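Visitor: Note that my numbering has the sequence shown beginning at 1095, numbered continuously upward. Don't be surprised by glycine CBs; every beta carbon is placed ideally from N, CA and C. Source: prediction; values computed, not measured.
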Amino acid sequence: MYGEWLVLINTLFNLAILKFTAKVTGVFVKNTKLLMSSICSSFVAVIGGQMLLTTVLSFILLIGIAFRFKTRSFQKQGPIVLTATIIIGGLLTALQPYLKNLSVVHFIIICLLLAVGNLVAFYKQWGFVKLERLSGQFVFATTLKVFDVKIPLSAFVDTGNQAIEPLSGKPVHFVSYAALRPHLPAAFCKSLLEWQETDPYNVSMFSEDYQRYIRFIHVNTVQQQSVVLGFRFDEWHIQREHSQVKTNEYIVLTKKAKNFPHSTAAILHFSALSNNS
């Protein structure tokens, strides 16, 4: 009877690991095939005991039956299965002293719930890392020229940024004020600090030389709609596979740049993904 329980426990854990692996690697496998793989692998592991040869054979059957006996399967799914097995095994080993007084049925249920919960959390974290890696493809080195000053900036293209200057319909980009401040004229910085969000249309603190660059941009936030100052820049070189130069568009300077993706200094309008200048 003890052997049957071991086969059942191993089968359930193997099934959870295979489902997790299929999800992570984006492969569709029928549940019947996953179950067959789990059962065969469990039988070999239980009958062979803790011998190295049977452990390796069990691992080969687990991956081969579920994802085919191909080198690519062992290269792609193999490391995921191994990682998930180590994580679950480590967790259950650590908790075993607290579960040893439970009945067999309760032990299996709790262990299975812990294993599945841990794999779900791991899968979500895996997805987050994958998303971060993908979003990193939208980070570019750029050079902004504004007020006749060239400033190197790292920038992130945000497909959700569709802000435009209402009169011309030109794109609006968001730039960290802290990143630009050392390069901007002192007179401009002084005027910008004097400008009040509560009275956005009053720009008398700016000299006429700077006022001609100003446009009023309506920005929607979670709390409310606000009016901010947009400044026309001369040009912006975006270094990518097909380099792009954007001219006479607008930037909004923001002090709230700590949450910019990938610690960049600017968030570009989604049009920056286009190959058109």
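Cβ of G1172 within 8 Å of Cβ of I1157?
Guide: Within the sequence shown, numbered from 1, the residue matching residue 1172 stands at position 78. Within the sequence shown, numbered from 1, the residue matching residue 1157 stands at position 63. Cβ distance < 8 Å, so G1172 and I1157 count as in contact.
Visitor: Please report the Cβ distance between H1179 and I1133, rounded to the nearest whole angstrom; I am assuming they are in contact, meaning their Cβ atoms lie under 8 Å.
Guide: Against the sequence shown, residue 1179 aligns to sequence position 85. Against the sequence shown, residue 1133 aligns to sequence position 39. What sits at residue 1179 in the sequence shown is Thr, not His. Between I1133 and T1179 the Cβ distance is about 17 Å, and since that is not below 8 Å, they are no contact.
Visitor: Assign T1115 to one of three DSSP states: helix, strand, or coil.
Guide: For the purposes of this step, residue 1115 is taken as residue 21 along the sequence shown, with counting starting at 1. Note: T1115 maps to helix in three-state DSSP.
Visitor: Across which residues does DSSP place Q1144 in a beta bridge pair?
Guide: Sequence index remark: in the sequence shown, residue 1144 carries index 50 (1-based). Q1144 is not bridged to any residue.
Visitor: Sorted by chain position, which residues of the same chain lie with C-beta nearer than 7 Å to L1129's C-beta, five sequence neighbours on each side aside?
Guide: The residue given as residue 1129 occupies position 35 in the sequence shown. Same-chain partners within the cutoff: L1109.
Visitor: So the beta strand (DSSP E) A1360 belongs to, where does it begin and stop?
Guide: Residue mapping note: residue 1360 aligns to position 266 of the sequence shown, counting from 1. Segment A1360 to L1362, the beta strand (DSSP E) holding A1360.
Visitor: What span of residues does the beta strand (DSSP E) with E1335 cover, start to end?
Guide: For the purposes of this step, residue 1335 is taken as residue 241 along the sequence shown, with counting starting at 1. Segment: none, E1335 is in no beta strand (DSSP E) and carries neither H nor E.
Visitor: Going by Cα to Cα distance, which pick from K1127, G1120, V1175 and P1355 is closest to T1253?
Guide: Your numbering for residue 1253 matches position 159 in the sequence shown. Residue P1355 is the option with its Cα nearest to T1253.
Visitor: On the CB-based measure, 16 or more other CB atoms within 10 Å of its CB, does I1361 come out buried or exposed?
Guide: Reading the sequence shown from its first residue, position 267 is the one you call residue 1361. Buried is the call here.
Visitor: Tell me whether the beta-carbon of Y1344 lies closer than 8 Å to the beta-carbon of V1243.
Guide: If you number the sequence shown from 1, residue 1344 lands on position 250. If you number the sequence shown from 1, residue 1243 lands on position 149. Taking 8 Å as the Cβ cut-off, Y1344 and V1243 do not qualify as a contacting pair.
Visitor: Where does Y1344 sit, in a helix, a strand or coil, going by DSSP?
Guide: Against the sequence shown, residue 1344 aligns to sequence position 250. Y1344: strand per DSSP, three-state reduction.
Visitor: For the alpha helix (DSSP H) that T1165 lies in, which residues bound it at each end?
Guide: By one-based count along the sequence shown, residue 1165 stands at place 71. That run of the alpha helix (DSSP H) goes T1165 to K1170.
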